[in-house]
Amino acid sequence: MPYEIDLTSVERKSITSLSPAFSGQHPNGETLSFTNYYMEIDHQPFFGVSGELHYSRLWEDRWEDSLIKCKAGGISIISTYVFWIHHEEIEGEFDFGGRRDLRRFVQLCQKHDLRVIVRIGPFAHGEVRNGGLPDWLYGKPFEPRSLDEGFIECTKRWYERLGQELQGLFYQDGGPIIATQLDNEYMHSAAPWEITSGVSNEWLPVGEEGDAYLLKLLSIAQEAGIITPFYTCTGWGGAATPEELMPLWGGYAFRPWIFYSHQGEHPATEEYIYRDNHNDAVPTTYNFEPFYRPESKPYLCCEMGGGMTCCYYYRFILPFESVDAMANIKLASGCNMLGYYMYHGGTNPTGRRTIFLNEGQVPKLSYDYQAALGEYGQVRDSYRRLRALHLLTRTFEQSLCRMKTVLPKGSQVIDPHDADTLRYALRIDENGSGFLFINNYQDHAPINDKLDQTITLRLPTEVLVIEGINLSAGENCVLPFHLDIGGIMLRYALAQPLTIMNTGQETVAFFFIPEGMKGRFVFSEFTNIHCLSGCRRQNGSTVVLNDDVVMPHFSAEQQGEKVHFVILNRRDSLNFNLIEWADRQAVLLSEGVLLPEKDRLRLESMNEHERIAVFPNDAINLENTIPDGQYGLFKCYRLEREPVSVAAVVRQTGPTRYVIDVPQRHPAVKEQFLSICYHGDIAQAFINGQMAADNFSNGAPWEIALNELADRLEHHPLTVVITPLKQDANVNVESVMAGRKEEAAQISGGISWVTVSSLYEWQLATVTSD
11 MPYEIDLTSV ERKSITSLSP AFSGQHPNGE TLSFTNYYME IDHQPFFGVS GELHYSRLWE
71 DRWEDSLIKC KAGGISIIST YVFWIHHEEI EGEFDFGGRR DLRRFVQLCQ KHDLRVIVRI
131 GPFAHGEVRN GGLPDWLYGK PFEPRSLDEG FIECTKRWYE RLGQELQGLF YQDGGPIIAT
191 QLDNEYMHSA APWEITSGVS NEWLPVGEEG DAYLLKLLSI AQEAGIITPF YTCTGWGGAA
251 TPEELMPLWG GYAFRPWIFY SHQGEHPATE EYIYRDNHND AVPTTYNFEP FYRPESKPYL
311 CCEMGGGMTC CYYYRFILPF ESVDAMANIK LASGCNMLGY YMYHGGTNPT GRRTIFLNEG
371 QVPKLSYDYQ AALGEYGQVR DSYRRLRALH LLTRTFEQSL CRMKTVLPKG SQVIDPHDAD
431 TLRYALRIDE NGSGFLFINN YQDHAPINDK LDQTITLRLP TEVLVIEGIN LSAGENCVLP
491 FHLDIGGIML RYALAQPLTI MNTGQETVAF FFIPEGMKGR FVFSEFTNIH CLSGCRRQNG
551 STVVLNDDVV MPHFSAEQQG EKVHFVILNR RDSLNFNLIE WADRQAVLLS EGVLLPEKDR
611 LRLESMNEHE RIAVFPNDAI NLENTIPDGQ YGLFKCYRLE REPVSVAAVV RQTGPTRYVI
671 DVPQRHPAVK EQFLSICYHG DIAQAFINGQ MAADNFSNGA PWEIALNELA DRLEHHPLTV
731 VITPLKQDAN VNVESVMAGR KEEAAQISGG ISWVTVSSLY EWQLATVTSD
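Quick note: the sequence shown uses the working numbering, first residue 11, plus one each step.
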């Protein structure tokens with residue numbers, strides 16, 4: 011089906027600087043500021059990628075590797091809730107030790123050149139007990155989340171302690187903290203007072219004092235020494251958004267909270283329809299109803315669904331392609347900072363007075379969130395898919411941030427159940443170059459493959475007809491048009507850019523072919539093309555990729571500039587890593603997870619045998635590897651380890667109760683995971699009567715990392731209790747003597763199998779000082 015969009019009269023953007031209230035200066039002279047379109051570092055566009063990671067939901071010995079993985083995945087900003095109840099569960103007794111050591115966590119972020127946004131409440135939500143407010147506030151003679159003097163005094167004391175903990179770590183002091191969020195979803199969302207749950211189910215107030223409340227929090231935060239270049243608030247749902255704060259946005263397609271009142275199947279959402287969220291002529295769109303003119307501030311995100319936790323009344327296995335499809339939608343809709351909630355899952359800490367510091371609708375300990383990085387740092391497909399997109403935003407941030415969103419007519423009213431209409435949008439600059447975004451993913455509804463589609467772009471200088479667009483169901487892509495690639499003008503490509511690198515000898519542009527697409531590159535007629543492998547010229551200036559060829563590549567020359575184009579398949583794009591090593595750039599392909607640091611390079615894998623491919627061949631002097639031929643232009647190496655094979659012994663001790671004898675921690679592996687396949691309602695694991703892990707059954711195997719449990723497992727086995735599914739259950743109360751007993755026609759629950767798998771690590775390279 012043909013589609014057409016008129017770009018001949020696109021209005022030029024008006025980019026203006028925001029006030030000094032949204033700026034800061036680092037002691038080294040670097041400045042952070044904003045225009046109404048994007049964040050700036052030293053007055054140059056900066057495309058931030060924020061990932062939510064809650065330090066208190068991770069054991070502290072996991073922090074560093076987790077931060078390295080985040081950075082390797084393309085995250086440049088760590089966003090973290092500071093849950094009040096995790097630090098002052100008992101009034102007046104603060105705990106900032108161990109996994110609650112906020113200062114040490116922020117220092118590790120600084121060590122790895124990650125910027126930080128602290129979300130300090132007082133109310134946070136995050137599926138934490140009382141939304142993060144301590145229980146002791148419930149009985150106070152004032153309303154929380156209000157301007158009542160009593161509540162403000164308690165919050166002031168909380169902020170003052172945070173100011174002490176974070177002293178010297180703010181941007182103006184040379185630290186990594188660039189922003190502070192005050193409260194969360196004020197006047198939009200609340201949480202149950204868990205002290206009443208199951209009885210009266212009392213809820214916290216959402217707040218009703220508007221901008222004045224948030225501005226009071228801003229004042230007391232600054233008085234407490236919490237000084238950051240900018241302060242944020244959540245913008246959605248009619249939440250208060252004072253002019254002095256930067257509103258951040260988001261969107262979720264998997265919504266367990268609707269099942270408080272919703273009956274039946276989860277509906278298809280409108281999250282995967284392109285919008286224009288930075289256009290004064292479109293003052294409101296779906297889930298975007300700002301109290302300000304859209305073009306007066308940049309469109310930035312903090313809570314795009316990077317996963318979602320299973321709640322008791324909604325169990326599901328998250329489709330990982332939903333995450334980068336969401337990023338594609340937000341990016342095309344004008345977003346100049348992507349922000350994921352959650353990017354890294356975790357495990358709730360236990361309390362001193364109240365054991366479980368969670369919200370009652372979610373597991374008592376687990377907050378895996380099916381995130382890009384799981385509860386124990388497990389790497390999901392969403393991590394790899396997002397990494398490829400983040401490379402594009404990093405490579406083209408200078409031009410991308412300045413590009414304007416343009417939508418075809420009718421695109422914002424596409425029905426989510428429409429499986430056939432092509433969903434596309436553009437971002438374009440004043441010179442007519444830009445990116446074509448196509449999304450072929452929809453949540454909770456089927457969508458069809460797109461075959462042989464045509465999009466005509468009516469540009470000021472030409473009519474550009476992009477033919478033969480194919481895209482598999484569930485896939486999304488970003489295609490360049492009229493884009494300068496290292497001095498070569500690319501009219502368009504049916505391929506998505508990954509990155510452009512300079513090897514010191516040549517410029518190399520890496521692309522990949524999305525699922526279902528047939529790769530093609532179209533250049534201006536003055537381009538000299540040399541097809542080197544796996545491709546052929548067509549009509550002089552078009553390069554067509556051959557089917558089923560490993561890594562096609564060709565060179566293009568134009569006015570003295572030359573670029574080598576290397577095209578990967580989708581699978582290889584998921585294994586693509588661009589790293590800085592010894593003042594050089596290198597690309598590494600690996601199914602294992604690379605952990606690059608300034609002075610060493612490591613790789614971890616669930617396989618005892620790994621293969622890694624490197625380009626350029628001499629970029630890194632790898633250790634502990636065996637040469638293993640070539641893969642396209644890449645030099646390959648093998649990594650091998652003696653396999654560690656262990657088994658767990660399972661004994662059934664009750665109808666749905668089991669004891670699992672777990673082998674002792676093996677010194678040759680980095681981590682061991684217990685995988686339990688079970689059927690039932692929920693499952694909980696105990697060591698000597700103390701809960702160690704839990705899970706709501708959604709059909710996926712339940713994973714438990716054993717490192718943190720190893721010392722206790724030396725002395726006690728793991729007891730797994732499965733709450734079964736019950737048919738026709740009721741409580742019999744017919745006895746005249748107040749007797750009560752549960753009866754069910756049938757119960758179903760049990761363990762099907764248990765395995766133990768190992769995580770291996772290799773050191774690949776080190777930098778030695780002379």
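C-beta: ideal position from N, C-alpha, C; glycine also.
Tell me the DSSP secondary structure of residue i in three-state form.
i, result
"Val-20", "coil"
"Ala-695", "strand"
"His-36", "coil"
"Cys-164", "helix"
"Phe-269", "helix"
"Gln-182", "helix"
"Gly-247", "coil"
"Gln-191", "strand"
"Ser-376", "strand"
"Asp-638", "strand"
"Trp-213", "strand"
"Asn-458", "coil"
"Gly-142", "helix"
"Ser-29", "coil"
Please work out which residues of its chain come closer than 7 angstroms, Cβ to Cβ, to residue i, disregarding the five sequence neighbours upstream and downstream, and give them in chain order.
i, result
"Thr-513", "Pro-626"
"Leu-63", "Ser-76, Cys-80, Ile-88, Thr-90, Tyr-353, His-354"
"Phe-564", "Ile-539, His-540, Cys-541, Leu-542, Cys-545, Val-553, Phe-575"
"Trp-203", "Asn-140, Tyr-148, Glu-212, Trp-213, Leu-214"
"Pro-524", "Leu-481, Glu-485, Cys-487, Gln-506, Arg-580"
"Gly-220", "Met-197, Ala-250"
"Arg-285", "Thr-295, Tyr-296, Phe-298, Ser-343, Gln-422"
"Thr-357", "Arg-67, Leu-375, Ser-376, Tyr-377, Glu-385"
"Ala-335", "Tyr-282, Asn-449, Tyr-451, Asn-486"
Which residue marks the beginning of the beta strand (DSSP E) containing residue i, and which one marks its end?
i, result
"His-782", "Because the chain is modelled from 11 through 780, residue 782 falls outside the range shown and cannot be assessed."
"Ala-596", "594–600"
"Ala-519", "517–522"
"Ala-702", "700–706"
"Leu-769", "760–776"
"His-563", "563–568"
"Tyr-668", "667–671"
"Leu-258", "256–261"
Starting from residue i, follow the alpha helix (DSSP H) in both directions and report where the run begins and ends.
i, result
"Gly-220", "220–233"
"Ala-82", "73–82"
"Phe-115", "112–121"
"Ile-339", "331–342"
"Ser-392", "391–405"
"Asp-494", "Per DSSP, Asp-494 belongs to no alpha helix (DSSP H); it is in the beta strand (DSSP E), 486–495."
"Ala-382", "Run containing Ala-382: none; DSSP gives neither H nor E here."
"Leu-723", "720–723"
Can you list, in chain order, the residues of its chain whose CB lies under 8 angstroms from that of residue i, leaving out five sequence neighbours each side?
i, result
"Phe-522", "Ala-398, Ala-505, Gln-506, Leu-508, Ile-577, Leu-578, Asn-579, Arg-580, Asp-582, Ser-583, Phe-586"
"His-793", "What is shown of the chain runs 11 to 780, which leaves residue 793 out entirely."
"Phe-32", "Ser-43, Phe-44, Pro-239, Phe-240, Met-256"
"Gly-420", "none"
With residue i and residue j assumed to form a contact (beta carbons below 8 angstroms), what rounded beta-carbon distance in angstroms separates them?
i, j, result
"Ile-2", "Thr-165", "Any answer about residue 2 is impossible in this case: the structure gives the chain only from 11 up to 780."
"Tyr-48", "Cys-411", "4 angstroms"
"Leu-176", "Val-216", "Contact flag wrong, Cβ pair sits at about 28 angstroms."
"Phe-696", "Tyr-322", "With a Cβ gap of about 20 angstroms, Phe-696 and Tyr-322 do not count as contacting."
Excluding the five sequence neighbours on either side, which residues of its own chain have a C-beta within less than 6 angstroms of the C-beta of residue i, listed in chain order?
i, result
"Pro-673", "Val-656"
"Leu-179", "Val-116, Gly-185, Ile-187"
"Asn-717", "Glu-681"
"Ser-207", "Gly-370"
Looking at the ligand ADP, does it come within less than 6 angstroms of residue i, judged from the CB to the closest heavy atom?
i, result
"Lys-150", "Within the structure as shown, the ligand ADP is missing, as the structure has no ligands at all."
Three-pair Cβ contact test at 8 angstroms for the region 299–317 versus the region 344–361
yes
Indicate whether the contact test is met: 3 or more Cβ pairs, each with one atom in the region 151–163 and one in the region 87–105, closer than 8 angstroms.
no
Touch check for the region 311–319 and the region 249–267: three-plus C-beta pairs under 8 angstroms?
yes
Do the region 646–665 and the region 754–767 meet, that is, are 3 or more Cβ pairs less than 8 angstroms apart?
yes
Three Cβ pairs or more, each shorter than 8 angstroms: is that satisfied between the region 678–691 and the region 727–739?
yes
Does the region 762–780 come into contact with the region 629–640, if we say contact requires no fewer than three beta-carbon pairs (one atom in each stretch) closer than 8 angstroms?
yes
Just checking, does the region 48–59 make contact with the region 400–411 on the three C-beta pairs under 8 angstroms criterion?
Counting C-beta pairs with one atom in each stretch, the region 48–59 and the region 400–411 have three or more that are closer than 8 angstroms, which means they touch.
Any 3 or more C-beta pairs closer than 8 angstroms across the region 409–429 and the region 443–453
yes
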